[in-house]
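One structure is given below, encoded as structure tokens.
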Amino acid sequence: MKVLDNITMRRGIYVVVFTAIGLLISTAVTAQNNGINKKDALAYRLGFNINMPFVTAHTDTFKSRVGWGLWGEAEYKLSNRWRVMPGLAYNSFGFNQYFYNDSGAVERRVITEHYMELGSRFSYQPLEDENSVRIILGAAFSFLVDRKTSFPDIEGTNVTRLTLDNKKSMQPGILLSAGFMAPLSKRIDLGIQYNQGLPAKIHPLDVVGRVGSLQVKLNYKIVPRRAETVLQPEVQADMATDLPYKYDSLMLIVRVKENFTRIALLKDQGYLEEAEDERLKALEAAMEIRNAFTEKLTFIPVYFIYDSDSKLALNGKFDGILLNSAMQRDSSIKLPAKQHLFAEFARQFDEVSNTSGMYGLVVYTDKFKNIPEPFPAFVSNAYGFLNEAEVVAKFEKRLKKYFAPKQ
Numbered sequence: 004m005k006v007l008d009n010i011t012m013r014r015g016i017y018v019v020v021f022t023a024i025g026l027l028i029s030t031a032v033t034a035q036n037n038g039i040n041k042k043d044a045l046a047y048r049l050g051f052n053i054n055m056p057f058v059t060a061h062t063d064t065f066k067s068r069v070g071w072g073l074w075g076e077a078e079y080k081l082s083n084r085w086r087v088m089p090g091l092a093y094n095s096f097g098f099n100q101y102f103y104n105d106s107g108a109v110e111r112r113v114i115t116e117h118y119m120e121l122g123s124r125f126s127y128q129p130l131e132d133e134n135s136v137r138i139i140l141g142a143a144f145s146f147l148v149d150r151k152t153s154f155p156d157i158e159g160t161n162v163t164r165l166t167l168d169n170k171k172s173m174q175p176g177i178l179l180s181a182g183f184m185a186p187l188s189k190r191i192d193l194g195i196q197y198n199q200g201l202p203a204k205i206h207p208l209d210v211v212g213r214v215g216s217l218q219v220k221l222n223y224k225i226v227p228r229r230a231e232t233v234l235q236p237e238v239q240a241d242m243a244t245d246l247p248y249k250y251d252s253l254m255l256i257v258r259v260k261e262n263f264t265r266i267a268l269l270k271d272q273g274y275l276e277e278a279e280d281e282r283l284k285a286l287e288a289a290m291e292i293r294n295a296f297t298e299k300l301t302f303i304p305v306y307f308i309y310d311s312d313s314k315l316a317l318n319g320k321f322d323g324i325l326l327n328s329a330m331q332r333d334s335s336i337k338l339p340a341k342q343h344l345f346a347e348f349a350r351q352f353d354e355v356s357n358t359s360g361m362y363g364l365v366v367y368t369d370k371f372k373n374i375p376e377p378f379p380a381f382v383s384n385a386y387g388f389l390n391e392a393e394v395v396a397k398f399e400k401r402l403k404k405y406f407a408p409k410q
């Protein structure tokens, strides 16, 4: 039987110990969450990052090489703005060392370092928007678990491991981090983070150390079932009366902005030209939305109303408020005898936590209540990367999938 070397055994011990600690942290967070009735109060993140290290040189000349890392953390929502995220990470960093050999020629040594990190990050959300950019601050213990060296420019040389002093390598270094994180979708986040290490204990070989690094982080958010929103009974009752839906008896009524209040205010203050400009801007935006639906949504009938007529629509009084192709109210347009849903381009709104979310196409019940999954009640516009027509096309695709016969 092949005997494992000390470094391999040490790396295995680190993995086991860190995994056990991570499970204990996650269990503690879960226990704290049991009594909290908040959406996504507990979640998990699994991520990949690209590492761009900055180095200090004590001898010769060093240049950093891009590395990579994997990480996971539990995210606990302390409030609508603050979150704490304890977790584990594995990161690798590379360096090129250029030096002169005995004959005076320049040679290159490639060094790769491997770290395990245990720590926690805090995120702060400056805006009330549930899915806005978040500021990240964190700290972690960093353990150098392995270092490899090779001479790729010299033929016949193999990759070797430098011996780490057991006592020094077991001493953790400290990493302080700061950055930001922005959601790309409901489950995927992209962030940039700078890590500043305290180098005294982070590079025991005293040759080259990771003092700082810039990371581009991409992660996927997992929300366990026990952390899903528990709706109030009256909200559940409202939703239950509107489910299930049948596509052949369903139609969509899209609400567009008229900016009636702002236009009226400008007129009252004598700004007639500005009021007209505002009206034309609102009309142009409404026409774009109408064109998006008429071109891309063919699965169910679609009608349009202005937001200023929302109260009438909520009470089922549609006579005289439905819009024609010129986006003018037309009393000749009548609704068929079908069940209707409302839709608009807006930010999601959580009826339990009273917080707004990402911007996109939101579909409501006929009482302007949120529709629970699996109905495709929201399609994000991915921070403006998609136009209205593309968002509507995605909605129709999901709608067809939702109503497709189950195999």
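Quick note: this note's numbering has the sequence shown finishing at residue 410, numbered continuously throughout. Note that the Cβ used here is the ideal one computed from N, Cα and C, for glycine as well.
{"query": "Under a Cβ-count criterion, where at least 16 other Cβ atoms within 10 Å of its own Cβ denotes burial, should Q196 be classed as buried or exposed?", "result": "buried"}
{"query": "In three-state DSSP terms, what is N390?", "result": "coil"}
{"query": "Within this structure, are the beta carbons of L147 and E110 separated by less than 8 angstroms?", "result": "no"}
{"query": "Please determine if the region 216-227 and the region 271-288 are in contact, where contact requires at least 3 C-beta pairs separated by less than 8 angstroms.", "result": "no"}
{"query": "Would you mind stating whether P56 and G70 have Cβ atoms separated by less than 8 angstroms?", "result": "yes"}
{"query": "Secondary structure at F154, three-state DSSP: helix, strand or coil?", "result": "coil"}
{"query": "Roughly how many angstroms separate the alpha carbons of F398 and H343, rounded to a whole number?", "result": "16 angstroms"}
{"query": "Between A392, L121, V382, E347, which lies nearest to L255 when the distance is taken from Cα to Cα?", "result": "E347"}
{"query": "Got a sec? Which residues, its chain only, sit under 8 angstroms from I308 by beta carbon, not counting five neighbours each side?", "result": "I256, V257, R258, V259, A316, F321, I324, L325, L326"}
{"query": "Suppose you measure from the CA of S123 to the CA of R68; what does that come to, to the nearest Å?", "result": "26 angstroms"}
{"query": "I need the DSSP call for D333, collapsed to helix, strand or coil.", "result": "coil"}
{"query": "For A215 and A92, I'd like the C-alpha separation in whole angstroms.", "result": "Strictly speaking, residue 215 in this sequence is Gly, with Ala absent from that position. Their Cα atoms are separated by approximately 16 angstroms."}
{"query": "In the DSSP assignment, what are the bridge partners of D192?", "result": "P186, N222"}
{"query": "State buried or exposed for I139, treating a residue as buried only when at least 16 other CB atoms are found within 10 Å of its CB.", "result": "buried"}
{"query": "Skipping 5 residues on each side, what residues in its chain have a beta carbon closer than 7 angstroms to that of E298?", "result": "A392"}
{"query": "Only counting the same chain, and skipping five residues up and downstream in sequence, which positions put a Cβ closer than 7 angstroms to that of E287?", "result": "none"}
{"query": "Using the Cα positions of M361 and Q351, report the straight-line distance between them to the nearest angstrom.", "result": "6 angstroms"}
{"query": "Thinking R137 and S126 are a contact (beta carbons under 8 angstroms), I'd like their distance in whole angstroms, please.", "result": "4 angstroms"}
{"query": "Using beta-carbon positions only, say whether P377 and Y405 come within less than 8 angstroms of one another.", "result": "yes"}
{"query": "Look at the alpha carbon of F96 and the alpha carbon of Q199, and state the distance between them as a whole number of angstroms.", "result": "14 angstroms"}
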